[in-house]
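Chains as they are written, first to last, in our numbering: chain A, 1 to 1021; chain R, 1022 to 1109; chain C, 1110 to 1521. Note that beta-carbon positions come from the ideal geometry of N, C-alpha and C, so glycine has one too. This one's a predicted model, so the numbers in the text were calculated from it and none came from an experiment.
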Amino acid sequence: MSTKTKDAINPESQIQNPKSKIQNRLSSHPSHKVDYTRPIEFEFNGKKYTAFEGDTVASALWAAGVRVLGRSFKYHRPRGPFALTSGDTNAMVRVGDEPNVRPSMKLVEPGMAVESQNVWPSLNADIMSLTSYGSRFMPVGFYYKAFFRPKALWPTYEKVIRNAAGLGYVTTDTPDTYYDKKYEFADVLVIGGGPAGMSAALSAAKTGARVMLLDENPYLGGHLAYERQSVDTKNGGAKAYELADQLAQQVLAHPNIQVELNTSVFDIGYHLWVGAVKEGWTNTDPDSIQNPKSKIQNPEARLLKIRAKSLVAANGAFEQPLVFENSDLPGVILGSAAQRLMHLYGATPGKRAVVLSANRDGLQVALDLLVAGVQVSVVIELRDQPDSDLVTVLESAGVPVKTDSIVTKAQGNKGVRGVFVSQAAKELPLSPGGIKAIRGTKEFVICDLLVTSVGWTPATGLLYQAKGRMDYDEQRAEFLPAHLPPKVHAAGRVAGAHSVKAELLEGEMAGLNAAADVGFGKGASKKLQNEVAKLKAAEPVRTSALTYIPGGKKSFVSFDEDVSIKDVRDSVAEGYKSMELLKRYSTLSMGPSQGKYENANTMALCAEANNQTIPETGTTTGRPPFTSVPLGALAGRHMEPVKYTPMHDWHIARGATMMNAGLWKRPEYYGDPAAEVVGTRNSLGIIDVGTLGKLRLYGKDVPKLLEMLYTNKWSKLAEGGVRYGVMCNEEGIVSDDGVTANLGGDEWYMTATTGGVTGLYQDIEWNLQSGWDFDVHAVNMTDDYAAMNLTGPNAREVLQPLTDIDLNNEAFPYMAARQGTVAGVPAILMRIGFTGELGYEMHVPAGYGLYLWETLMDAGETFNITPFGVEAQRIMRLEKGHFIVGQDTDALTNPFMAHLDWAVKLDKSDFLGKPSLVRIQKRGVEQKLVGYEMLDSNIVPEEANQIVVPNPDRPIGLETIGRVTSSRYSPTLEKSLGLCWLPVDQSEPGTEFTVRIRGELHQGKVVPIPFYDPDGKRLKS
Amino acid sequence: MILIDCPNCGERNVAEFRFGGEYNPRPQNPDDPASDAAWVDYLYLKENKLGVQKEWWYHRAGCGLWFLAERHTKSHAVEKTYFWEAAK
Amino acid sequence: MSLKLLKQGLNGSKSLTPMWREQPIKDRYDVVIIGGGVHGLATAYYLAKNHGITDVAILEKRYIGRGGSGRNTTIVRSNYLTPEGILFYDESLKLYEDLSQDFDFNIMFSQRGHLTLAHTDASLRTMRWRAEVNQLQGVDSRVISPDEIKELVPFMDLSDHPRFPVMGALYHPPGGVVRHDAVVWGYAHGADKRGVHIHQLTEVTGIDVEQNKVVAVQTNRGRIKTGTVVNATAGWCTLIADMAGVKLPVETRPLQAAVSEPLKPFLDTVIVSGTLHFYLSQSDRGEIVTGASVDPYTSYSMDATLGFAEGLAGHILELFPSLGKVRLMRQWAGLCDMTPDYSPIMGFTPVEGFLVDVGWGTYGFKTGPVSGKRMAELIATNRTPDLIAPFKYDRFFEGRLVGEKGAASVGR
């Protein structure tokens, strides 16, 4: 062996004594990410294993000799890691209570419980794997062709199919986990911490730009981190991992660069809004940890939302799997996976390896294996003239390199036990399946590891999301960025640069240009740009056009979904010719990896089956997320807003049952609602109405505004007056109602519905800002005022001693408003009566709300003041025949239908909805909202019960002609009454009707409203 | 998250805004029976452009301005934004 | 095992024939249908099957089922609010029940039950309204209590912990999910078999109207003479109608959806929450299939957004807190043509021979079969069938909007 050879095979191996070392682990090396001094115990399928700090689940189990981690989706074939990246989705495991964990991305933690998924009854004896033997009867899309005859049996078949499908499982007792989110900003966002990404970050940072660098791994370096060969850079021949460390040190030390590791970018949205998830992140924020409500377990992921000003995608490439028979067998791995195992984790990939190579990387992997003490039985080289420097080294180390050869099949049960190799006959130019075995040259080679290195697929998914366009490069057999939108750049393998030198320079160029996009520096020099172009052009042509080795039935394009080459061809033969139809029918790329390792092969196969070129077939658009994201991380903290009135705690202390009213909480009742009605009607009650919409209106033109907003007239409302009004939208549909008071001095006060006020305020603003030339200033005070209604015959007596306002009936009559103080608090009082009793609705600054409430409760004690809730108010308003917008009206209700003819003044010159109402009045209405009472007062309809007439043509012999919208038993009148919709010709008082209540028919009749105190004597007294 | 350029506040996340629909001024003399068709057009019919659309936005979580934007309805490029007065 | 599978298993790929053929394009057809989605394909299918009208072309800009038909969340139900709506949707559901046998192709209609949750007493009232009207129309639909919901959906948090606790639900047992693509392919197969021409990658670039009458359509593959054009596009219906000079009450908005990674079966019903704006079901493959409301502004972009995923995940976990570690796998969007009254626009327009089957909002997939059947009847008889009369274009001019809006906020 020459000196040169020795150097290439790494002197380390010479001094190692494998026997004295840890089983299946190579001796420590600076490139390792594992720390042999820190062993960690964990479990897999109930059995204990030892890992080392820095190990992933996949590396630890591999080192422990475990290759089968799970079973595949359709045929339950044994599967293990093949890429040692996030793409190992066919070998996902359960970790603790988390399903579908990528074994190559999950770091082992002490005590971790790892389980296989989709196995029954066990990983080793999976009964469902028998489906593999029947696979000829389970072709692509088999479920479309069977199981529907007889029709009645489909639900049973479906159950079987559902149970067989799915991967991980969920349990009801998995605790709610607490996740956080973080907003970030960057002048230049660099995705990927490999040579190109680090180079881009450094060059951008040097211009003064704020740079953020993200990488999905727990370390920087990208492919350099797991490579050991010397690399040709302008700095001269450092080893790849050494260069990674040097660059990483510079990046980490640079004050302008923020590095986030374990962070996967999954979404690039419009205007460079970038979503990334940082996993393995530990929350140290004491607030959130100590918050008992947060149910914090161990927050595992954090969402980063980044607004980038410019972006460099340097997220590399996927090594391309070659499809051949049984290429899914555990033990068939990618060249980069073998390097990751050895050089990151010190794990021995196998004992006897065969390397299938179609490029320089493959030969390098063979060398690396040799150095690691793996016996390399043979290198099967698809090319006729592989790189002679490496071939020489290999051959001198005793490794035969067979050129023009192929692997046709991997053999084994739960792992590779050998491979069939053949001499190859090539069809030039190389088509997707352009290498066939020459008959009679087949050989069997015993091995426990097959490593394949046949080419790379740029990871362009994120660039597609960023609206880049990729074109197919025939020479390289890669889709490469052809047009990128402004402020988006690509560098390194994702852009087709494969040599380290080209990657570094292209990174530098992209970093400089990205910085220049946002005003830092002048961008990359012409010289640099030319050099990058020259280097990239000089790179060797790769052979990733090769997709599969012909022959064999179990040749899977998709490991996620068990879709074979034959399935692709069959799908095309059945008419699913375009990539999109093919995907949908065959389920290719629909699995957890979203096709990362199968898209390029699918495209080539689809093109071939259609007799088209790859560019003609075209690629498919990548849909977000680029990598899957936990729902919890997307959700973040549970932040459903809630609004409380100032009296909220009082209500709770008083035992109120609370209900939702929009975003607010309100007391529904404190005890018996009927008693609350009786207490109020007989003496005195009080209700918190703080959830009402409240607007203050200032300016001399407020009456003009009101004329436009409401259907009725306002210009003559004198100071101190209050008026009720209805608002419509331009379609003439009732949109809101409420009262407005003229407080004098160009100040007005408006109330509106809880749900409607936000929209109303915005609409007022819209009108004021777009043509209503009114001197009006509107302020939404809804959250700033507390409000309560003191109501009942004794209201005046209780309130008068507390206020400087004269409450005398003449001084402060019904439908009047006054400003003054109550219990020393500045207040707006309106004498209005939703309940039908004497009442004062008081609006005070929110901070005084509770104080005033408690003061009124004390003052009212002698009159047995009754706090009442929404339910009692509903009963009382119904007794008065008042409707509720949104309950008694719906999206088609105009005021003429709701007995509001009196409030619609079509003689006004204009108001919102008037043109529609003019037309509606002309057409007339078909339905009306009327009051009713049930003939039997013990029968109380449910709201929404239908009013029906017999019709034998209808399914149950009844036809609906109307419905009940409000219904209560009135404790005051001792009747069952309410509001209902009826056809106009059946809406006259006295008309009887039939209502269907819980399936039974009952009689009601139309009666005039109000039901209670029709003359309003109580209100006005 | 697209950015909308509020004429008062500058570029902000779209989440701060409420979309107000395409610009569609109310017809003159809407009460005139002869304008029935124009009124229905105003209430219901839409241009619904694929391209640059003139539309209303409200800076809900900001300054409270209602303004107009010319936004491409597919690329979301916001070509310009301006006060109502400039739209007339 | 089905005979078809047996044959394929024994004979291999040789027995395979295309589901639909590529036909040479003719320069005239009796009927030209624009849009190769469920609606267009079903119209062609029923024209041929029920009325013997087979000189029909489907013109599809890309590939069949590329629009809303392949982007919806596959939910089918008939528990609508208005009697006219219910009759219509129920006919669709009944057609769906027999489609697998009709097509000889399994559309995997899984009638697993549909729950619309009520979180406020207002929505409980709306649920009861729907249930009452449904029952009168013979539709199996009733309001159930949280206890009954717990039995159907053990994963749902029915405590008072959620911001909006579940107060009840509208339960609709015949509702469920269908394999949406299979419906597209089944109709395409059936139409092709009966002589309909399906032209993919054929884009309509203009519609020739003479004296207010359609005479031809222009395409990227030449001019096609015809007296009857059906606009059965979703998302782009305005653009097609513009070509004929017809203005529509339609606004296009993206509707986004997403699926999780596959899980073992844990959810056997379809769940809809109007208050929390989401719906979800579990596909036969094990994915959680979920969606929410249309985007808050108009757009023709079919890009999914991060903001949507965040909001959706938050709402799902509010009710299904144990799913926090489940991963979202894929997001997408489709375009919805929203009308003012949440109802479609079907039938004749002011331009003679230009028919529409548009404005399907978020519920087009559910009605593919009935729309196709009744549009075919309209074309064959030249009169509007009663069942679709409420949805005619003229209603906006006559002030006769459909009353589905009340329930639409909780729809899907």
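Those residues which DSSP pairs with residue i across a bridge
| i | result |
| --- | --- |
| R/W1078 | R/F1040, R/F1088 |
| C/S1480 | According to DSSP, C/S1480 bridges with nothing at all. |
| A/C728 | A/V734 |
| A/C1031 | No information on residue 1031 of chain A is available, as it lies outside the stretch 1 to 1021 that chain A covers here. |
| A/F812 | Beta-bridge pairing links A/F812 to no other residue. |
| C/K1356 | Partner(s): none; C/K1356 has no beta bridge. |
| R/E1068 | None, per the DSSP bridge assignment. |
| A/Q258 | A/M212 |
| A/I805 | Its beta-bridge partners do not exist; DSSP assigns none. |
Span of the beta strand (DSSP E) around residue i
| i | result |
| --- | --- |
| A/L449 | 449 to 453 |
| A/Q1003 | 1000 to 1007 |
| A/A497 | Counting along the chain, A/A497 falls outside any beta strand (DSSP E), and DSSP gives it neither H nor E. |
| A/G352 | Per the sequence shown, the amino acid found at residue 352 of chain A is Arg instead of Gly. Start and end: 352 to 357. |
| A/V365 | Here A/V365 belongs to no beta strand (DSSP E); instead the alpha helix (DSSP H) covers 360 to 371. |
| A/P1026 | This structure does not reach residue 1026 of chain A, given that chain A is present from 1 up to 1021, and the question cannot be answered. |
Segment limits, alpha helix (DSSP H) that includes residue i
| i | result |
| --- | --- |
| A/M842 | Counting along the chain, A/M842 falls outside any alpha helix (DSSP H), though it belongs to the beta strand (DSSP E) covering 839 to 845. |
| C/P1363 | Run containing C/P1363: none in the alpha helix (DSSP H); it sits in the beta strand (DSSP E), 1360 to 1369. |
| C/F1506 | 1504 to 1507 |
| C/D1211 | 1192 to 1212 |
| A/M342 | 335 to 345 |
| C/Y1155 | 1147 to 1160 |
| A/L799 | 795 to 799 |
| R/A1108 | R/A1108 -> no alpha helix (DSSP H), and no H or E assigned at all. |
| A/T758 | 757 to 769 |
Which complete alpha helix (DSSP H) runs does the region 849 to 922 of chain A hold, if anything under 4 residues is left out?
849 to 859, 870 to 879
Starting from the N-terminal side, write out each stretch of the alpha helix (DSSP H) that is 4 residues or longer and does not extend beyond the region 518 to 600 of chain A.
Annotation note: the region 518 to 600 of chain A contains the following uninterrupted alpha helix (DSSP H) runs of length 4 or greater, listed N- to C-terminal: 526 to 538, 565 to 573, 579 to 586.
Runs of 3 residues minimum, wholly inside the region 173 to 254 of chain A: which ones carry the beta strand (DSSP E) assignment?
180 to 191, 211 to 214
Residue ranges of each beta strand (DSSP E) within the region 650 to 690 of chain A, 3 or longer:
657 to 661, 664 to 669, 685 to 688
Segments of 3+ residues assigned as beta strand (DSSP E) that fall wholly inside the region 1405 to 1483 of chain C:
1436 to 1447, 1454 to 1457, 1463 to 1467
My parser needs the alpha helix (DSSP H) runs of 4 or more residues fully inside the region 1214 to 1274 of chain C; what are they?
1230 to 1245, 1255 to 1261
Inspect the CB distances between the region 557 to 575 of chain A and the region 46 to 61 of chain A and report whether three or more fall short of 8 angstroms.
no
Output needed in chain order: residues of the region 247 to 275 of chain A with a Cβ under 7 angstroms from some Cβ in chain C.
D267, G269, W273, G275
Determine contact between the region 190 to 209 of chain A and the region 245 to 265 of chain A, defined as no fewer than three beta-carbon pairs at a distance below 8 angstroms.
yes
Touching or not, the region 1185 to 1205 of chain C and the region 1345 to 1355 of chain C, by the rule of three or more beta carbon pairs under 8 angstroms?
no
Short of 8 angstroms Cβ to Cβ, which residues in the region 1353 to 1373 of chain C face chain R?
K1356, L1357, P1358, V1359, E1360, T1361
Mind listing which residues of the region 1041 to 1064 of chain R have their C-beta closer than 8 angstroms to chain C's C-betas, in chain order?
G1042, E1043, D1057, A1058, V1061, D1062, L1064
Any residues in the region 755 to 767 of chain A with a beta carbon nearer than 8 angstroms to a beta carbon of chain R? Which ones, in chain order?
Q762, E765, W766
For the region 430 to 487 of chain A, which segments carrying the alpha helix (DSSP H) assignment without a break, of at least 4 residues, lie completely within its bounds, in sequence order?
461 to 465
The region 720 to 733 of chain A: positions lying closer than 7 angstroms to chain R by Cβ
E730, E731
Any contact of the region 365 to 373 of chain A with the region 459 to 469 of chain A, i.e. 3+ C-beta pairs under 8 angstroms?
no
Inter-stretch contact (C-beta, 8 angstroms, three-pair minimum) for the region 953 to 961 of chain A and the region 1091 to 1098 of chain R
no
Does the structure place the region 308 to 326 of chain A close enough to the region 59 to 76 of chain A that three or more beta carbon pairs sit under 8 angstroms?
no
Output, in sequence order along the chain, the residues in the region 1276 to 1299 of chain C whose CB is closer than 7 angstroms to any CB in chain A.
D1290, A1291
Output needed in chain order: residues of the region 114 to 146 of chain A with a Cβ under 7 angstroms from some Cβ in chain C.
R136, F137, P139, F142, Y143, Y144, K145, A146
Between the region 200 to 210 of chain A and the region 317 to 336 of chain A, do at least 3 Cβ pairs fall closer than 8 angstroms?
no
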